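Below: the structure, in structure tokens.
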Amino acid sequence: MDAAEFRRRGKEMVDFVADYQENIEHRRVYPDVEPGYLRSMIPSEAPLEPESYEDVLRDVDRVIMPGVTHWLSPHFYAYYANSTSFPSILADLLSSGIGTIGFTWAANPACSELETVMLDWLGKMLQLPEDFLSETQGQGGGVIQGTASEATLMALLSARLKTVKCVQESDPQRSEADIISKLIAYTSEEAHSSVEKASIIGGVVIRMVPTDEHFSVRAETLEKMVAEDKATGYIPFFFCATLGTTPCCAFDKIDELGPICNAENIWMHIDAAYAGCAFICPEFRPLLNGVEFADSFSINPNKFLLVGFDCSAMWVKKSADLTRAFQMDPEYLKHEHQGSGLVKDYMHWGIPMARRFRSLKLWFVFRMYGLRGLQAFIRKHVELAKTFENLVRGDNNFEICAEVVMGLVCFRLKGSDELNKALLKQITRTGKIYLVPCKLRGRFVLRFVVCGRTTELRHIQEAWKHITELSSELLQNLFDHEGKEN
Ligand code: PLP
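In this text, residue positions in the sequence shown follow the working numbering: the first is 138, and each later residue adds one.
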């Protein structure tokens, strides 16, 4: 493909994507395919000779589209959203087109510098303490990680090294392996599975902290566990708080947990992957009070800020804690500006060396929506979720299972888990809307997350009508069945 053809095909592809998104609501949101569907539709080996672009594109419709779960559909209510937007898609195209890889400042000065400034912009939108910003020329700063899971892992590994060094300072004879075997991390029983995964990768023990009636971790519970563990020779070193848990969007009380972590030399990382984005709205910002006690904090703009995947913003108070843990310095990566206060070599801030120009997505989206536009987007989702909550509350067959704070509503049919599983199965089978479940206090619960950029009131009303029609059928069948048995 030469530049002339790329020009033509590129325009066609933009049309293809625009048409796809404009008409997405007419597609079945959850695909009707069986596992292994794709293999039989394409050859078992790559072609020896080049094929035409037309043939490739034809197969996108024939092979790919039937197996796509349409995350951008207004009928998609699962997980937490992927909230991309057209400016973000264009920025991604530009990033691919420039094709530059920014691991050090020298490898791509614009990539490194825009990332630093965008994380400051976003940090200020969130009213983060100055300690987390780069512009103050202090020790803190922000970085874009691929995912929240990576941010948590980075925090845990950095905390591990910091603690090992600290223990060895007072006890130089103690081996690293011995110290690591005694390290203990904590997180909420409601935390995302990526926290436990980070502990497995980091080779440390983790304890799940029980939550209160609002699914929040409280200070006294953590304090008690830390005291117990210290008494048996463990070294508490890491606590991952969650703001906006995955099952029900609950918030740990970081303003009371932070002081304990600080007093006990425990690194506090805050995982606010979804809900953290909403802290750009002043009415939600109080939930972040206590961030000043944290060592690191991360949110996923790709979940709730109209930025496409992948983009997880992470801030640390002392960037040296990260870079010291991961600094490698081979000759081929050295450059003349290394070590200057103005220069960030982001390869030392994360696991991969190579990095895409992801800050372009933030820059395009922030400029084209403005803070006001982003706030309006978040508020609209929250309002739609409240509407759905009211619809659920108005139906005596259903119950709300957790407080609705942002765009997530946890609900269930009053009755057994089996009944609710049957309802979800019917919802998935019909493919009109897509939800996933969670477990709350051992009960099977349905999660309804307002996700789409284009989700409107009518979609919420249609979704509720669909759910109640399916549930009425189920309840009628149950009633008939029980009637027969009696
Ligand atoms: N943390 C929380 C609270 C989440 O809700 C999720 C995913 O929904 C994650 C972490 C994982 O995010 P990622 O896929 O960016 O690793």
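In this text, a Cβ means the ideal position worked out from N, Cα and C, and glycines have one as well.
Only a predicted model underlies this, so the values are computations on that prediction, with no experimental measurement involved.
Round the Cβ separation of Phe374 and Leu320 to the nearest angstrom and send it over; I've been treating them as touching at under 8 angstroms. What you label residue 374 is simply residue 237 of the sequence shown in a count that begins at 1. What you label residue 320 is simply residue 183 of the sequence shown in a count that begins at 1. Distance from Phe374 to Leu320 at the Cβ level is roughly 5 angstroms; contact confirmed, criterion being Cβ atoms closer than 8 angstroms.
Identify the residues that DSSP records as bridge partners of Ser307: which are they? One-based indexing of the sequence shown puts residue 307 at position 170. None; Ser307 has no bridge partner.
So is the beta-carbon of Asp408 under 7 angstroms away from any non-hydrogen atom of the ligand PLP? In the sequence shown, counting from the first residue as 1, residue 408 sits at position 271. Result yes, Cβ under 7 angstroms from the ligand PLP.
Does the distance between the C-beta of Ser286 and the nearest non-hydrogen atom of the ligand PLP fall short of 7 angstroms? The sequence position of residue 286 within the sequence shown is 149, counting from 1. In this structure, the ligand PLP has a non-hydrogen atom nearer than 7 angstroms to the beta-carbon of Ser286.
contact_flag[the stretch 426 to 436, the stretch 288 to 295] where n(CB pairs < 8 angstroms) is 3 or more: Contact between the stretch 426 to 436 and the stretch 288 to 295 is present, because at least three Cβ pairs lie under 8 angstroms.
Delimiting residues of the beta strand (DSSP E) encompassing Cys377: Along the sequence shown, read from residue 1 onward, the residue named residue 377 stands at position 240. Ile372 to Thr379 is the extent of the beta strand (DSSP E) around Cys377.
How far does the beta strand (DSSP E) with His406 in it extend, from its first residue to its last? To locate residue 406, count along the sequence shown from 1; it is residue 269. It spans Trp404 to Asp408 - the beta strand (DSSP E) in which His406 sits, taken as one unbroken run.
With a threshold of 8 angstroms between beta-carbons, can Ala288 be considered close to chain D, or not? This model lacks chain D altogether; it includes just one protein chain.
Is any non-hydrogen atom of the ligand PLP found closer than 7 angstroms to the C-beta of Asn219, if you look at the structure I gave you? Counted from its first residue, the sequence shown places residue 219 at position 82. Relative to the non-hydrogen atoms of the ligand PLP, the Cβ of Asn219 never comes closer than 7 angstroms to any of them.
Where does Leu345 sit, in a helix, a strand or coil, going by DSSP? Reading the sequence shown from its first residue, position 208 is the one you call residue 345. According to the sequence shown, residue 345 is Met rather than Leu. In this structure, DSSP gives Met345 an extended state, which the three-state scheme calls strand.
Looking only at its own chain, which residues have a Cβ that is under 7 angstroms from the Cβ of Trp208, when we skip the five neighbours before and after it? Your numbering for residue 208 matches position 71 in the sequence shown. Correct list, in chain order: Asn219.
Could you check the C-alpha separation between Lys342 and Glu333 for me, to the nearest Å? Mapped onto the sequence shown, residue 342 falls at position 205. Mapped onto the sequence shown, residue 333 falls at position 196. This sequence places Val at residue 342; Lys is not what is there. Distance between Val342 and Glu333, taken at the CA atoms: about 9 angstroms.
I believe Phe446 touches Ile515 by the beta-carbon criterion, under 8 angstroms. Please report the beta-carbon distance rounded to the nearest angstrom. Along the sequence shown, one-based indexing puts residue 446 at 309. Along the sequence shown, one-based indexing puts residue 515 at 378. For Phe446 against Ile515, the beta-carbon gap comes to about 18 angstroms, at or over 8 angstroms, which does not count as contact.
From the DSSP output, which residues share a beta bridge with Leu442? For this step, residue 442 is matched to residue 305 along the sequence shown. Answer by DSSP bridge pairing: none, since Leu442 is not bridged.
So the candidates are Arg145, Leu612, Val480 and Glu619; which of them puts its Cα closest to the Cα of Gln274? In the sequence shown, the residue the question calls residue 274 occupies position 137. Of the candidates Arg145, Leu612, Val480 and Glu619, the one whose C-alpha sits nearest the C-alpha of Gln274 is Val480.
Could you spell out where the beta strand (DSSP E) holding Thr324 opens and where it closes? Reading the sequence shown from its first residue, position 187 is the one you call residue 324. Boundaries of the beta strand (DSSP E) harbouring Thr324: Leu320 to Ser325, taken from the DSSP string.
Once the 5 residues before and after Gln563 are set aside, which same chain residues still bring their CB inside 8 angstroms of it? In the sequence shown, residue 563 corresponds to position 426, counting from 1. Excluding sequence neighbours, Gln563 sits near Leu607, Glu610 and Leu611.
Three-state secondary structure assigned by DSSP to Ile238: Walking along the sequence shown from the start, residue 238 turns up at place 101. Three-state result, Ile238: coil.
Helix or strand or just coil, what does DSSP make of Arg492? Reading the sequence shown from its first residue, position 355 is the one you call residue 492. Judged by DSSP in its simplified three-state form, Arg492 adopts coil rather than helix or strand.
Is Gly487 near the ligand PLP, in the sense that its beta carbon is under 7 angstroms from a heavy atom of that ligand? Translated into the one-based positions of the sequence shown, residue 487 becomes position 350. No, the Cβ of Gly487 stays beyond 7 angstroms of every heavy atom of the ligand PLP.
Cβ neighbour criterion (16 or more within 10 Å) applied to Lys237: The residue given as residue 237 occupies position 100 in the sequence shown. Looking at the sequence provided, one finds Thr at residue 237 rather than Lys. Result: exposed.
With DSSP as the reference, label Tyr190 as helix, strand or coil. Against the sequence shown, residue 190 aligns to sequence position 53. Reduced to three states, the DSSP call for Tyr190 is helix.
Count the other CB atoms, across all protein chains shown, that sit within 10 Å of the CB of Asn245; report buried if there are 16 or more and exposed otherwise. Counted from its first residue, the sequence shown places residue 245 at position 108. Around the CB of Asn245, 16 or more other CB atoms lie within 10 Å, so the residue is classed as buried.
Mapping the DSSP letters down to three states, classify Ile515 as helix, strand or coil. As a working mapping, residue 515 is identified with position 378 in the sequence shown. In this structure, Ile515 counts as helix in the three-state DSSP scheme.
What span of residues does the alpha helix (DSSP H) with Pro246 cover, start to end? What you label residue 246 is simply residue 109 of the sequence shown in a count that begins at 1. For Pro246, the enclosing alpha helix (DSSP H) covers residues Pro246 to Met262.
Find out if the Cβ-Cβ distance for the pair Thr592, Pro168 is shorter than 8 angstroms. Working through the sequence shown from its first residue, we reach residue 592 at position 455. Working through the sequence shown from its first residue, we reach residue 168 at position 31. The criterion of a C-beta distance shorter than 8 angstroms is not satisfied by Thr592 and Pro168.
Measure the C-alpha to C-alpha separation of Val444 and Glu365 and round it to an integer number of angstroms. Here residue 444 corresponds to residue number 307 of the sequence shown, with the count starting at 1. Here residue 365 corresponds to residue number 228 of the sequence shown, with the count starting at 1. Each residue's CA atom was taken as its position, placing Val444 and Glu365 some 43 angstroms apart.
Quick one: any contact between the stretch 479 to 493 and the stretch 213 to 228, if contact means 3 or more CB pairs under 8 angstroms? No: fewer than three Cβ pairs fall under 8 angstroms.
What number of angstroms, rounded off, separates the C-alpha of Glu313 from the C-alpha of Ala296? The residue given as residue 313 occupies position 176 in the sequence shown. The residue given as residue 296 occupies position 159 in the sequence shown. Straight-line Cα distance between these residues: approximately 14 angstroms.
Tyr167 CB to nearest heavy atom of the ligand PLP below 7 angstroms: Here the question's residue 167 lines up with position 30 in the sequence shown. Because no heavy atom of the ligand PLP lies under 7 angstroms away, the Cβ of Tyr167 does not count as near it: no.
Measure how close the beta-carbons of Val304 and Ile235 come, nearest whole angstrom, since I'm counting them as under 8 angstroms. One-based indexing of the sequence shown puts residue 304 at position 167. One-based indexing of the sequence shown puts residue 235 at position 98. No, Val304 and Ile235 are not in contact; Cβ-Cβ is about 45 angstroms, not under 8 angstroms.
Bridge-paired residues (DSSP) for Gly279: Within the sequence shown, residue 279 is the residue found at index 142, counting from 1. DSSP lists Trp452 as the bridge partner or partners of Gly279.
Considering only residues of the same chain and omitting the five flanking positions on each side of Arg549, which have a CB-CB separation below 8 angstroms? Position 412 of the sequence shown holds residue 549. Closer than 8 angstroms at the Cβ level, and outside the excluded window around Arg549, lie Phe535, Glu536, Cys538, Asn557, Arg580, Phe581, Val582 and Leu583.
Arg549 bridges to which residues according to DSSP? As a working note, residue 549 is residue 412 in the sequence shown. Glu536, per the DSSP bridge assignment.
In the DSSP output, what is Val582 paired with across the bridge? Mapped onto the sequence shown, residue 582 falls at position 445. Val582 pairs with Cys575.
For Ser433, report the span of its beta strand (DSSP E) as first-last. Within the sequence shown, the letter at position 296 stands for residue 433. Ser433 to Ile436 is the extent of the beta strand (DSSP E) around Ser433.
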